[in-house]
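Heads up, the thing below is written out as structure tokens.
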Amino acid sequence: MSQRLNLLSPEFRENPYPFYSRLRRESPVCQVDPHGFWAVSRYEDIVTVFKDPELFSSSEMKIATQPPWLGRRNPVSEALNLAAPPQHARLRGLVSRAFTQSMVGRMEPFAREVTSRLVDALPRGEPVDFLSGFALGLPTNIMGLMMGVDPSLQKEFKRWSDDISGVVVVAPDDVARQAEVRKTLDDMESYILALISRRRASPGTEDLVTDLLRVQENGERLTDAEVVSFLVLLLVAGLETTTYLLSHMALILARNPEWFERLRGNEALIKSFIEEVLRYEPPNHAQMRVTTRETTLGGVKLPAGAMVLLLLASGLRDEKSFPDAERFDPERGVQANLAFGHGIHFCLGAPLARMEARVALGKLLGSFRRFELATDRVQWIQSLFFRAPESLPLRFIPL
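Its first residue numbered 23, the sequence shown is counted upward by one per residue in my numbering.
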């Protein structure tokens with residue numbers, strides 16, 4: 023492309039997919055704004071990066087997640103997802119012993135209870151913000167139960183998550199915003215450390231914090247700092263991803279009402295629909311890596327220390343990997359695993375997000391004839407890593 027693309031420009035945020043298509047055709051590996059990141063837009067190249075965590079490191083991302091104005095250690099910088107081998111194998115091994123399929127199974131009855139309560143509270147036929155009125159409520163309740171936190175604190179989760187995930191896009195001269203983010207990190211870390219202390223003194227029965235403190239492998243346990251970092255990562259990934267996935271599902275249904283009757287009561291098709299939403303409009307649009315030495319990717323030479331931005335949403339619409347990729351088709355029969363990462367950094371929370379989406383969609387379809395979009399234009403959040411509406415006004419038409 024003749025001019026460097028700005029991924030935070032209004033035109034791009036409104037609809038990034040034509041830009042992604044052009045990148046794949048003309049400049050599959052190129053520098054973009056902000057920060058001159060090297061954007062990777064083709065599926066094959068993205069998978070290549072994921073498969074070589076030594077060359078394309080996540081642990082070196084501290085430069086991006088810990089800018090000078092932060093003035094403190096960012097727990098995200100220490101999180102499991104940013105650890106490189108061999109430390110990563112130890113951390114993931116320990117964490118995965120607590121984050122099991124049985125844990126997801128324990129959460130499903132609670133997810134159904136919360137979903138029923140949220141659906142009952144939705145006004146019939148009147149505009150309501152689906153994001154705050156439903157999509158945020160399910161994952162915050164799940165996160166609260168998993169972490170064993172005071173229910174009154176759950177309203178803080180989204181603010182914490184937004185501030186942490188937005189560190190990279192805070193302007194160097196935005197002093198007020200920088201102060202807000204620093205306070206968020208201080209408040210959140212203090213709360214989680216106090217929670218860890220309480221769980222050590224009085225273990226819970228089924229909460230994740232207690233599970234993380236108990237797990238050990240070859241005599242090793244997670245340190246308090248590692249538990250804090252994992253819980254921060256869980257909060258950001260679990261809350262943002264699921265909230266935005268639910269919002270994308272509702273928006274796509276509002277724009278494609280023909281799918282309501284086909285999906286209603288069809289468990290298999292509901293699962294396929296969720297996978298197609300993850301491919302077609304993934305909540306997590308990008309992940310970042312750093313080159314540990316000079317290399318060539320997609321025919322382009324990258325220097326050591328290059329900040330590589332993997333455009334997952336572009337890769338999931340790559341025509342070479344997904345025929346007729348721009349068409350939304352739940353019956354195409356693919357599983358969009360790339361939406362949750364790939365390889366050693368595949369998201370441990372993927373089964374939980376899929377369960378929440380399946381439960382929510384089944385209940386919504388069983389309660390409403392259709393959803394109607396109650397706005398002429400959807401406004402999108404400013405983020406390099408997530409794509410989601412700032413709000414989603416919908417009308418719910420009952421059966």
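Even for Gly, the Cβ is constructed at its ideal location relative to N, Cα and C.
In this text the structure is predicted, and so the values were computed from the model without any measurement.
Nearest neighbour of residue i, chosen from the options [CA to CA]
i	options	result
residue 247	213, 277 and 228	213
residue 182	419, 40 and 258	258
residue 52	234, 286 and 318	318
residue 346	219, 298, 260 and 193	298
residue 308	410, 166, 180 and 161	410
residue 286	49, 230, 54 and 421	421
residue 363	372, 250 and 200	372
residue 274	355, 383 and 224	383
residue 89	204, 390 and 150	204
residue 186	380, 171, 419 and 406	406
residue 125	71, 139 and 164	164
residue 211	255, 200 and 192	255
residue 380	356, 155 and 134	134
residue 170	233, 150 and 272	233
residue 327	78, 392 and 253	78
residue 294	216, 353, 392 and 148	353
Rounded distance between the beta-carbons of residue j and residue i, thought under 8 Å
i	j	result
residue 414	residue 400	7 Å
residue 30	residue 56	6 Å
residue 267	residue 300	7 Å
residue 370	residue 338	In fact, because the Cβ distance is near 20 Å, the residues do not count as touching under 8 Å.
residue 80	residue 152	Incorrect: roughly 33 Å between the Cβ atoms, too far for contact.
Cβ neighbours of residue i in the same chain (closer than 7 Å, five flanking residues each side left out)
i	result
residue 128	228
residue 263	305, 306 and 375
residue 329	57, 59, 60, 86, 310 and 312
residue 158	180 and 265
residue 35	402 and 404
residue 19	Here the chain comprises residues numbered 23 to 421, so residue 19 is not present and cannot be evaluated.
residue 302	350
residue 436	Outside the modelled stretch of the chain, which goes from 23 to 421, sits residue 436, for which no answer is possible.
residue 42	63, 333, 335, 336 and 339
Residue i, buried or exposed, once every other Cβ within 10 Å from all chains shown has been counted against 16
i	result
residue 137	buried
residue 245	exposed
residue 142	exposed
residue 197	exposed
residue 64	buried
residue 32	exposed
residue 260	buried
residue 48	exposed
residue 195	exposed
residue 103	At residue 103 the pLDDT is 48, less than 50, meaning the model places this residue with poor confidence and gives no usable figure here.
residue 378	buried
residue 40	exposed
Neighbourhood of residue i by C-beta distance below 8 Å, restricted to the same chain and skipping five residues each side
i	result
residue 324	51, 60, 313, 316, 317, 318 and 330
residue 175	166 and 213
residue 235	218, 221, 222, 225, 243, 244 and 249
residue 277	395
residue 351	298
residue 288	none
residue 155	140, 143 and 144
Own chain residues within Cβ distance below 6 Å of residue i, not counting five before or after
i	result
residue 68	62, 332 and 337
Check whether the stretch 273-284 touches the stretch 332-342, counting contact only when three or more Cβ pairs, one atom from each stretch, lie closer than 8 Å.
no
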